[in-house]
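In this note's numbering, the protein residues as written are 5 to 51.
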């Protein structure tokens, strides 16, 4: 398991987070849009 930080929750960032999370990695996403981060957090196991 790796700890991975993704900067930007756009299309590419979300896709990457989904794949890496499914593989069991710990994902941290950084983005300026806090509402978007909350929506992502509801779907994925991310920080």
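Yeah, the Cβ is synthetic: ideal placement off N, Cα and C, and Gly gets one too.
In the DSSP annotation of this structure, residue 50 is not part of any beta strand (DSSP E), being labelled neither H nor E.
Excluding sequence positions up to five before and after residue 30, its CB lies within less than 6 angstroms of the CB of 7, all in the same chain and listed in chain order.
By DSSP's assignment, residue 9 forms a beta bridge with 32. Straight through space, the alpha carbons of residue 46 and residue 38 are spaced by roughly 13 angstroms.
In the three-state DSSP reduction, residue 39 falls in the helix class (H, G or I).
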